[in-house]
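For the sequence shown, the working numbering begins at 15 and goes up steadily by one.
Glycine included, C-beta positions come from ideal geometry on N, C-alpha and C.
Quick caveat: nothing in here was measured; it's all calculated off a predicted structure.
Below is one structure, written out as structure tokens, with a few remarks after it.
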Amino acid sequence: MKKALGVLVYALLLFAQEKISYEEDIDVQEAYEMMQKGAILIDVRTAGEYIYAGHPLGAVSIPVFEYSYKPKAITLRVKFAQKEHQKALDAHKIYDITPIENKNFLQSAKKAIALTKAKKILVICRSGARSAYAANILAKEGFSGVYNVEGGFLEWKKAKLPYSGE
């Protein structure tokens, strides 16, 4: 959870410095309907999130961030494991997690958009922050018809729209 919060804060800080260039935020139902009419849905979460948490059916996985996980000292990790028997703890505290913008994001997105010949580009993440950041990148690169899916995959599942995964 803290990883997601950290990513959200990081993306918001990056995004807050720029004006919104994409078309608009849309809800998950509108995104689903646009997909039925040929829009491409780009899922910008990590590969692990896409595979293990599930993803909207038909979404193309192109992570906007990669992450560096550097474990802290083994003594800290052992103490953490010992204390965890007594009380659930946040495992993020034993790693330094650094988000790194995926250098191949734009190139991969351009290729996916060209291959699908989509006129509308929908971008989704877990909750909407990373996808807003990625949608802005695409719009600034000159793509029109770029939309951020507000609420992300969490809202997609809540709306009981088709998805793969648990």
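For Ile138, no alpha helix (DSSP H) segment is defined; the enclosing uninterrupted segment is the beta strand (DSSP E) at 135 to 138. The alpha-carbon of Ile40 is positioned some 6 Å away from that of Asn162.
Note that the C-beta distance between Leu136 and Ala53 is below 9 Å. Annotated three-state conformation of Phe79 is strand, per DSSP. Collapsing the DSSP output to three states places Tyr36 in coil.
DSSP places Lys51 outside both helix and strand once states are collapsed to three, so it counts as coil. Residue burial annotation: Glu38 is exposed, with fewer than 16 other C-beta atoms found within 10 angstroms of its C-beta. For Glu115, the uninterrupted beta strand (DSSP E) run begins and ends at 109 to 115, by DSSP. Residue pairing by DSSP places Ser178 opposite His69 in a beta bridge.
DSSP, read as helix, strand or coil, puts Asn118 in coil. Between Leu90 and the set Lys51, Ile108, Leu129, Tyr81, the nearest pair of CA atoms involves Ile108. Taking the C-beta atoms as reference points, His69 is found no nearer than 9 Å to Ser141.
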